[in-house]
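What follows is a set of notes on a single structure, which appears directly below.
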Amino acid sequence: MLRFSDVMARDFYLSLAARSVRFPIGADLVLAERPDPEAVRHDGEGLGRVIEEAARRDRTPLAIPLMDLRLEKSDLLGLLGVPAPERDSFHFEAPPPP
3 MLRFSDVMAR DFYLSLAARS VRFPIGADLV LAERPDPEAV RHDGEGLGRV IEEAARRDRT
63 PLAIPLMDLR LEKSDLLGLL GVPAPERDSF HFEAPPPP
């Protein structure tokens, strides 16, 4: 069983590359199979299980999730006081206040 310290070691990744190991980007496909994928997308633990399942399906030590920048945008705009319904279409006309 891999330990966290093993996975974070540079040699671990160099060894995988030397063996031409491929990582699936299929975590999004596994996520889509969930009854409520949007809820899982906002649940760190649930999303971790999806990534783990994607890796197990393809028999690889890792799976790469697709990054959804809409989540980051919404969180950042929320911190700046932009109402939730406006966040998807919001664009700055000037730099935000410090």
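With the numbering used here as the guide, the letters of the sequence shown map in order to residues 3 to 100. Note that CB positions come from ideal geometry on N, CA and C, so glycine has one too.
Other residues of its chain near residue i: CB distance less than 7 angstroms, five sequence neighbours each side excluded
{"i": "isoleucine 27", "result": "Ile66, Leu68"}
{"i": "leucine 79", "result": "Arg89, Phe92"}
Close beta carbons around residue i, own chain, < 6 angstroms, minus the five adjacent residues each side
{"i": "alanine 29", "result": "Val52, Ile53, Ala56, Ala65, Pro67"}
{"i": "arginine 36", "result": "Val42"}
{"i": "valine 32", "result": "Val52, Glu55, Ala56"}
Assumed close pair residue i, residue j - CB separation to whole angstroms, cut-off 8 angstroms
{"i": "proline 98", "j": "leucine 73", "result": "About 18 angstroms separates the two Cβ atoms, so there is no contact after all."}
Requested in this report: Would you check if the region 55-62 and the region 16-26 touch, i.e. whether three or more CB-CB distances between them fall below 8 angstroms?
Outcome: Between the region 16-26 and the region 55-62, the count of Cβ pairs shorter than 8 angstroms is three or higher; the stretches touch.
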